[in-house]
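Working notes for the structure below.
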Amino acid sequence: MRLFLTGVRMQWWLVRRQPDDLLTLCTIPFTVLMLMSIVVHSGRADLLPNAFLAPVLIGLWGFATGLAAEVLVTERWTRSLELGMAAPVSPHPVYLGRVAAVLLLGVAPLVETWGLGWLVFGVTPTVHHPWVFWAAMGASMFAMAGTGLLLAAFMLTNDTGHYQNFLSFPIYVLSGVMVPVQYLPEPLQPLSHAVFLSWSADLMRDALAPAPVAAVWWRLLAIVALGAAALVAGRLSLELTLRRVRRAGSVAYA
Amino acid sequence: MSVRVRDLTRTYRKGRRKNEEVTALDGLSLDIPSNEVHGLLGPNGAGKTTLCKVLSTVLLPTGGSAEVFGLDVVAQAHEVRPLIGIVFGGERGLYGKLTARQTLRYWAALYKLPDTRAKARTDELLDRLGLTAKADDLVETYSRGMKQRLHLARGLIGDPRLILLDEPTTGMDPVAAHDFRALIGELRAEGRTILITTHDMDEAEEVCDRVTLIDHGRVLATESPRGLAEMSGLHRWVEAETALDVSGLPGVLGTERRDGLLRVRVVDDAAARVVLDFLLDNGVRSVRAVPPRLEDVYLDLVGRRGMEV
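As given, the protein sequences belong to chains X and P, one line each in that order. Numbering of the first sequence is given in this note's numbering, commencing with residue 1 and proceeding in unit increments. Numbering of the second sequence is given in this note's numbering, commencing with residue 1 and proceeding in unit increments.
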């Protein structure tokens, strides 16, 4: 735990002084404006929760595929990865802490979206089931940390940027962040269940609606389980990658 | 024995299809006793950094063995790591957006220092390396010399018994490099073993107890800098502060001028005597015969490869 917290603290030190890392936050308002304009001007108040949640989850995913996924690549470029591998402790918890710290920033798009909705359109959604909403948000951030570590490990050996781009829209669609999964073509819907964000989006949408939320625990469990699977896969992937670069002699780029 | 390397081999696969094999270490054997400052000299691509990487456990050898304090760097990597400190030269491995204090606290955690000990050790190293006044400034604002001191502090955070210095004075100004060499002396006095890779022959001559010349992944020679020069059977040199031309004298192989000093390369001691007599007879008072320097031995053994790697 201490190493995890060391990673969190270290990443916060870095993020505070690298405002460029927060550029994802600058794209959120545009998504908010686009979606809210459509919903407000078409008079579809029933779609407000969708318009509010999409930028929040897109922002969270943006941090995972952007900043979090690049943590290890940057380590490799600066040759700090080499020093980390030579340290007496296993560096995995530290890197997980750094990824998790980035994803704590995932709360910022939520504040940003709510604020813009109120300021520009004069509307904010009512959270009818606050504890469900926050539990879903917490579980999603945990799942995102696991996914972030998996992406970071993957990026370590596939640092081209193409994958990061590829992982945006397909995930937004499959996860039902933009369009609820039930409106997607039927053959695609089973795929969505493998994407934790689809569970997050559904549960958070339900938390904003007045109707009672069904199967809360199972759905939370699904998010956490998918996140845990990604975490284990990320941990294993990182271990195997570090072993491979140690064997291949490709720890550093230079 | 701090380091014991036997028939160490490391090959890499290169090329698009990874079908080209490059040998970085070719059956290299080396012993470094405890509390020695040992220099690794060789041209780019000779295998110096590869050897450091194997010893620091970040690279697996493809053959042979390497032990640090009797522990195998492959099979007992976890036990080896706390005993080693790695120090890079230049910007590599530092976080420009952290302060020196934050950098050391971060690495202290990775070297398993408890919080209170980490704080004390950080303060101690900042003080020792003369960084206390700038401890809370961002590393990116540091001069090259300060960054190098921070590197060394980082390498010392775990109180290592073996320190691997990979070209630590690259790009340093002479004053910073001088201070750095003084620090190496202090570390040696504390009983640590130091393995230093460098291209700077003067540095190696000044700080190293022994040096190993390596090229193409093989050891060419291991000796004290002075012993290596004497053993090499190379030409002698005569140095004098003069503008006289001695190139026509018997036994003179060549001359060069450096900082107002005439350096005459001669075939042997007898030829050196002829040059000395000539210079003294012509009123030159500042004159001396000198054995070959480490740089001469290096150039002779490694060859004048220049930019070639």
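For each residue, glycine too, the CB sits at the ideal point set by N, CA and C. Quick caveat, the model's predicted, so the values are computed rather than measured.
Check                                                                                                                                       : Outcome
Residue 254 of chain X, buried or exposed, once every other Cβ within 10 Å from all chains shown has been counted against 16                : Confidence is the limiting factor: at residue 254 of chain X the pLDDT is only 38, short of 50, which leaves the residue's position unreliable and the question unanswerable from this model.
Contact set between residue 76 of chain X and chain P, taken where Cβ atoms lie within less than 7 Å                                        : The contacting residues do not exist; residue 76 of chain X stays about 11 Å from chain P at best.
Among P:49, P:244 and P:75, the one whose alpha carbon lies nearest that of residue 280 of chain P                                          : P:244
Beta carbon proximity, residue 249 of chain X to chain P, threshold 7 Å                                                                     : yes
Interface flag, residue 35 of chain X vs chain P, CB-CB below 7 Å                                                                           : no
Assumed close pair residue 80 of chain X, residue 96 of chain P - CB separation to whole angstroms, cut-off 8 Å                             : That pair is no contact at about 11 Å.
Alpha carbon of residue 154 of chain X to alpha carbon of residue 298 of chain P, nearest angstrom                                          : 44 Å
Length at least 4, wholly inside the stretch 216-297 of chain P: the alpha helix (DSSP H) runs in chain order                               : 225-231 and 269-281
Contact belief for residue 86 of chain X with residue 84 of chain P at Cβ below 8 Å, rounded distance in angstroms                          : 7 Å
With 16 other Cβ atoms within 10 Å as the buried cut-off, status of residue 81 of chain P                                                   : buried
Opening and closing residue of the alpha helix (DSSP H) in which residue 127 of chain X lies                                                : That residue, residue 127 of chain X, is in no alpha helix (DSSP H); it is neither H nor E in DSSP.
Chain P contact for residue 237 of chain X (CB, 7 Å cutoff)                                                                                 : no
Limits of the unbroken alpha helix (DSSP H) element including residue 200 of chain P                                                        : Segment: none, residue 200 of chain P is in no alpha helix (DSSP H) and carries neither H nor E.
Buried versus exposed call for residue 72 of chain X [16 or more other C-beta atoms within 10 Å across all chains shown]                    : buried
Cβ pair residue 111 of chain X, residue 117 of chain X closer than 7 Å                                                                      : no
Cβ pair residue 146 of chain X, residue 240 of chain X closer than 7 Å                                                                      : no
In chain order, each beta strand (DSSP E) run of at least 3 residues that lies wholly inside the stretch 121-168 of chain P                 : 162-166
Chain-order list of residues whose beta-carbon lies under 6 Å from that of residue 10 of chain P (same chain, five-residue window excluded) : 24, 25, 50, 61 and 62
Within-7 Å CB hit, residue 240 of chain X to chain P                                                                                        : no
Distance CB(residue 37 of chain P)-CB(residue 194 of chain P) smaller than 7 Å                                                              : yes
Endpoints, the beta strand (DSSP E) within which residue 8 of chain P is located                                                            : 3-14
Secondary structure of residue 19 of chain X, DSSP reduced to three states                                                                  : helix
Interface residues of the stretch 45-67 of chain P facing chain X [CB-CB below 7 Å]                                                         : 56, 57, 58, 59 and 60
Local Cβ density within 10 Å of residue 308 of chain X, reported as buried at 16 or more and exposed below that                             : The structure shown has nothing for residue 308 of chain X, since chain X only spans 1 to 254.
Rounded straight-line distance, which links the Cα of residue 121 of chain P to that of residue 176 of chain X                              : 51 Å
Distance, residue 198 of chain X Cα to residue 50 of chain X Cα                                                                             : 12 Å
Members of the stretch 17-28 of chain X near chain P, C-beta cut-off 7 Å                                                                    : 17 and 18
Closer than 7 Å to chain P by CB, residue 80 of chain X                                                                                     : yes
Beta-ladder partner(s) of residue 200 of chain X, from DSSP                                                                                 : Beta-bridge pairing links residue 200 of chain X to no other residue.
Residue of X:208, X:204 and X:170 minimising C-alpha distance to residue 191 of chain X                                                     : X:170
4 or more residues per run - each alpha helix (DSSP H) lying fully within the stretch 191-239 of chain X                                    : 196-208
Residues, ordered as in the chain, of the stretch 96-118 of chain P that lie near chain X by beta-carbon distance below 7 Å                 : 97, 98, 102, 106, 109, 110, 111 and 112
Straight-line Cα distance separating residue 30 of chain P from residue 294 of chain P                                                      : 19 Å
6 Å Cβ shell around residue 261 of chain X - same chain, five flanking residues per side excluded                                           : Outside the shown range of chain X (1 to 254) lies residue 261 of chain X, about which nothing can therefore be said.
Distance, residue 77 of chain P Cα to residue 57 of chain P Cα                                                                              : 6 Å
Supposed contact pair residue 99 of chain X and residue 149 of chain X - C-beta distance, whole angstroms, cut 8 Å                          : 5 Å
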